[in-house]
Structure formats: C-alpha cells, structure tokens
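J.:
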Amino acid sequence: MMAQQQAQASYDAQDLWQKDRNHFVHPFTDFSVFHENGCDLITDSDGIYVEDAHGNRFIDGIAGLWCVNVGHGRAEIGQAMAEQATRMAYFSTFNNLSNAPATELAAKLAELAPAHLNHVFYSCGGSTANDATIRLVHYYFNRLGKPSKKRILSRTNAYHGTTYMAASLTGIASNNWQFDTLDLVTHLSEANCYRRPEGMSEAEYCDHLTDELEQTIDRLGADNIAAFIAEPIMGAGGVLVAPQGYHSRVQAICRANDILFIADEVVTGFGRLGHFFASEAVFETQPDIINVAKGLSSGYAPLGATLISDALYEVLSTPQGPGGVLSTGFTYSGHPVSCAAALKNIEIIEREGICENVLDVGPYLESQLKTLASHETVGDIRGSHFMMAIENVADKTTKELLPVEARVGDRVAAEAQKRGLIIRPVGHLNIISPPLIWTRQVVDEVVAILDDAFAATTRSLKADGCL
Ligand code: PMP
Numbered sequence: 001m002m003a004q005q006q007a008q009a010s011y012d013a014q015d016l017w018q019k020d021r022n023h024f025v026h027p028f029t030d031f032s033v034f035h036e037n038g039c040d041l042i043t044d045s046d047g048i049y050v051e052d053a054h055g056n057r058f059i060d061g062i063a064g065l066w067c068v069n070v071g072h073g074r075a076e077i078g079q080a081m082a083e084q085a086t087r088m089a090y091f092s093t094f095n096n097l098s099n100a101p102a103t104e105l106a107a108k109l110a111e112l113a114p115a116h117l118n119h120v121f122y123s124c125g126g127s128t129a130n131d132a133t134i135r136l137v138h139y140y141f142n143r144l145g146k147p148s149k150k151r152i153l154s155r156t157n158a159y160h161g162t163t164y165m166a167a168s169l170t171g172i173a174s175n176n177w178q179f180d181t182l183d184l185v186t187h188l189s190e191a192n193c194y195r196r197p198e199g200m201s202e203a204e205y206c207d208h209l210t211d212e213l214e215q216t217i218d219r220l221g222a223d224n225i226a227a228f229i230a231e232p233i234m235g236a237g238g239v240l241v242a243p244q245g246y247h248s249r250v251q252a253i254c255r256a257n258d259i260l261f262i263a264d265e266v267v268t269g270f271g272r273l274g275h276f277f278a279s280e281a282v283f284e285t286q287p288d289i290i291n292v293a294k295g296l297s298s299g300y301a302p303l304g305a306t307l308i309s310d311a312l313y314e315v316l317s318t319p320q321g322p323g324g325v326l327s328t329g330f331t332y333s334g335h336p337v338s339c340a341a342a343l344k345n346i347e348i349i350e351r352e353g354i355c356e357n358v359l360d361v362g363p364y365l366e367s368q369l370k371t372l373a374s375h376e377t378v379g380d381i382r383g384s385h386f387m388m389a390i391e392n393v394a395d396k397t398t399k400e401l402l403p404v405e406a407r408v409g410d411r412v413a414a415e416a417q418k419r420g421l422i423i424r425p426v427g428h429l430n431i432i433s434p435p436l437i438w439t440r441q442v443v444d445e446v447v448a449i450l451d452d453a454f455a456a457t458t459r460s461l462k463a464d465g466c467l
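If you're matching positions, the sequence shown starts at 1 in UniProt numbering and goes up one per residue.
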C-alpha cells in the first residue's frame, strides 16, 4: 500500500521542509530544536508503519498521538469518508437539523457505553469535549437552582487539552508556563504510585489521596463544587496508574457530596485498555459523563463526544420555555464525514476483535517492556495494556531525575528513531501507545530496538558527563 501511495504523489522533501519552517507554527514545539532542525515530515503510512519524506520507514509506537487505534491506511475508512463527503459533506446540526452518520453514531455510542449513558453531545476533539462538558455541567447546576456549584476538581499533571477551559483543567505545570488559566479549577494531588511518600503502602496511599479529596471538599464547600474530572489512567502527565480502588472511592465521595464525576477517556477509550470504555469495565466506576475523542475515529477525522447520563440529560433537555434553547455547540458538532469515519472505525474494532487483541497482547507488551528495567537509567516501567511509559532517572534508589539539559526523553526517542521506531518523549519520560494491532512479534521487535536505544542513551549520557 505504501508503494502505491508513493506512486500517487511524490513529495519534494526539501521544498516542504523549507515551507514548513517558514510558515507552520507547530503545536507543542520546542523552538530551539525547530530553528535548528525544522520538522520531520511524515508523509506515508500503512498498518503499524509510517514513512518520512525521505522514504525512511518507522514502526509507529505512538499511534499518531494515542489515536490511530485501528492502524494506518484503512482504505474502508477513507472510502466511507469519501462517500459521505460526496453525498453530503456538511450541514448544520443546530436548530432541529441532523444527519444520518451523526445520528447512527450517537445510537452506537449509547449501545457501547455503560447502560446509564445514552446521550451524546459532539465536539471537534478532546479539548472541546472537555470544554463543552464544563459548560454543560454549569448549565445543569444553574438549571437545578444551584448556581454556586461552579468549581471543578482536577489533579496535578492531568491533561485535558488546550482550549482555555481545558488548559485550566490541565495540571501539567510546564504546559501552562507563561500561559494564563481560568480560576475555576482546584488541583488535587496526582495519583503517582512510583513517587508516593516513602514508606506508604499502596492502600495507605489511596487513603491519603481520598483524605485529601474529602478535606478539599470540606474547605471549599460542596455547594461550590460542580464536578471532579479525571483520566482513568493519567496519560500525557506520565501514564500514572492510580492505586487499586482509587477511582471508585473518589466517585463515592463525589456522589455523597452532589459532585459530578467526569471520566476523560480521550486516551483510554476505544480499546487502548482492551474495552470500548475503561471506566466501568476496568475501574468499576459509573461516571456521570464520559468524554471520548482520538480512538473514536482512530484519528482519521477530528471528532470528540461527551456521553451524558440519563439523569443529567433529563435536566438538560427540560424545555426552558419560550425562546429558551441549549445555546452551546460547534459548527462541526456531529460532522457527517467525521461521524462516518467513526462508524467505520467502530465496525473494524468489533469485526477484527481489536479489544481482544489488546487483552491478549497488552500484558505481553507490559511484561516484555519490563525486561528493560536492567538499564541504568530506567527507573520505572508502568501503564496498562497499550498505554505504557518508561520513566528515566539518574539514580534508581533515590529516584533523582537527570538534569533537564540532558534531555533524556529526547535522547531515547532519537536513538529509537534511528533504529526504526517512533516513541514519544515527554520530559524525562518516554511514552509507548501503539496502534492496537501490534502482535507479539512486533512487540519483540520493538523491545529489541528499545534495548539498544537505552544502551546507546546510557553511553551518550556518560560521554556527555550527564551520568
Ligand atoms: N484529554 C486527554 C486525556 C488527552 O490525552 C487529550 C489529548 N492528548 C485531550 C483531552 C485533548 O484532546 P485534543 O488534543 O483532541 O483536543
């Protein structure tokens, strides 16, 4: 397939590189690197592989950006999108208008989601799903006559996106450096088992975190808190798996205080942990709202969705009286082409048993990655199924980090890329979040590459006097 694509369009790599450097303001880009090197242009893809403009092929270890769950180059998704685009590419979903793929997808999501979530509000991606959610939550409490319930509880190192509200929910300090945020959010501690207080068991750590939640509710007053939002496994903040029972205890505390429990399943949804939705299947929670994006369309088209409980919907959908409408939404809410992509994507996940593949290969990926623990800089290997991270440290006993200037995550990623694998550097971490179609054989190939990459990184850190 890749050869066919090359035949369709061969790019002038140098010309593109120059245009990109001159004109494209990239998101999340370190300009010291950009000014020096520009960008790597990824031009082709097929299954688990991507290829750059020079014809170098890589195993995609990040599923694009945790999103290409069914893998690259799925002609049938392209076809579904093309058919929809030529039949009816776009029409409004405001003011009692709808389109077939958006309607079908809403019904399909209601079928797949936990039983009490039967209503879907569409957005353009994860940030807009979270942003729209907070507006809906505020609207909900306003309509219930509880307008003081406005504050949202989030967590340090949470990632919820970069619209103003989503960035405010986000708790990664470096993300918001030199940006402003809205004073609507209180951040609690992250659930970080690797760096939990010395001498605390995991069960005690769970108590410690839920105590903090209860104390925060007491301090702020439940009457002032609208919702708690969390990723079931924190993603960009470091693939942090909370202690056993944490999420269900948080949910119970929220319930007792009339605080809505929102699960941001933008990464964990659509198979990454072996289920369409991880909240109920893995974490035994029944969120009032679940947000999804990314794997919903496997990244073939931008799309986000907010799944709303029956109880919430009842309030949101109560007629306001003359002239009153639910005045929120996006031009592209329920975009027909994106929804057509999502429907085909879900069909593929079901037909090919992709969740089953994750349940089978995921534990193997975890166990094989753990063999890398012998490397000098590898402090922690964590995550679940197809959502994994490796934390690099200077000292395994003290867990002290390497100096930021050592750019250890970048070094590991560069060494892996030289050997034909793309993984994601995030500060001192490396994230592995592959397409959900990796087999055991691919895992073996990947782990062999990483083994060499970590060895080379240790050598280069030593040569540069960083270790
Ligand atoms: N929530 C989570 C958990 C995410 O990981 C992301 C993106 N990485 C977002 C929200 C934001 O999604 P988007 O970039 O599509 O706006």
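Virtual Cβ for every residue (Gly too), placed ideally from N, Cα, C.
How is F141 classed by DSSP in three states: helix, strand or coil?
T.: helix
J.: Tell me which residue opens and which closes the alpha helix (DSSP H) that P232 is part of.
T.: Looking at the DSSP string, P232 is not in any alpha helix (DSSP H), and its letter there is neither H nor E.
J.: Three-state secondary structure (DSSP) at N291?
T.: strand
J.: On the DSSP bridge assignment, give the partners of T328 in chain order.
T.: DSSP lists no partner for T328.
J.: Looking at the secondary structure, which residues open and close the beta strand (DSSP E) in which E391 lies?
T.: In this chain, the beta strand (DSSP E) harbouring E391 covers 387-392.
J.: Taking the alpha helix (DSSP H) that N118 falls in, what are its first and last residues?
T.: Taken as a continuous stretch (DSSP letters only), N118 belongs to no alpha helix (DSSP H), being part of the beta strand (DSSP E) at 117-123.
J.: Say yes only if the C-beta of L307 is nearer than 7 Å to one or more non-hydrogen atoms of the ligand PMP, and no if none qualify.
T.: Not one heavy atom of the ligand PMP lies closer than 7 Å to the C-beta of L307.
J.: Kindly indicate which residue of Y194, I172, E356 has the alpha-carbon position closest to the one of Y159.
T.: I172
J.: Roughly how many angstroms lie between the CA atoms of G427 and A203, to the nearest whole one?
T.: 29 Å
J.: Closer than 7 Å to a non-hydrogen atom of the ligand PMP - does that hold for the CB of D310?
T.: no
J.: Within 10 angstroms of the Cβ of K462, are there 16 or more other Cβ atoms? Answer buried if so, exposed if not.
T.: exposed
J.: Cβ of W438 within 7 Å of any heavy atom in the ligand PMP?
T.: no
J.: When we look at the beta-carbon of K344 and count the other beta-carbons within 10 Å, is it buried (16 or more) or exposed?
T.: buried
J.: Do G304 and S123 have their C-beta atoms closer together than 8 Å?
T.: yes
J.: Return the chain-ordered list of same chain residues with a C-beta closer than 6 Å to the C-beta of F228, the five sequence neighbours on each side being excluded.
T.: L153, C254, I259, F261
J.: Indicate whether D337 and A107 have their beta-carbon atoms separated by less than 8 Å.
T.: Checking the sequence, you will find Val at residue 337 rather than Asp. Judged by their CB atoms, V337 and A107 are not nearer to each other than the 8 Å cut-off.
J.: For N430, list the residues DSSP reports as bridge partners.
T.: I390, P425
J.: Which of helix, strand or coil does DSSP assign to S148?
T.: coil
J.: Could you tell me the distance, in whole angstroms, from the CA atom of V393 to the CA atom of L429?
T.: 9 Å
J.: Only counting the same chain, and skipping five residues up and downstream in sequence, which positions put a Cβ closer than 7 Å to that of residue 469?
T.: The structure shown has nothing for residue 469, since the chain only spans 1 to 467.
J.: According to DSSP, S248 sits in a beta bridge with which residue or residues?
T.: Bridge partners of S248: none, in fact.
J.: What's the C-alpha gap between residue 477 and C355?
T.: Because residue 477 is not part of the residues shown, which for the chain are 1 to 467, the question remains open.
J.: Quick check: the Cα distance between E51 and V68, rounded to an integer number of angstroms?
T.: Approximately 15 Å, taken between the alpha carbons.
J.: When the Cα of G73 is compared with those of Y49, V292, S98, P27, which residue comes out closest?
T.: Y49
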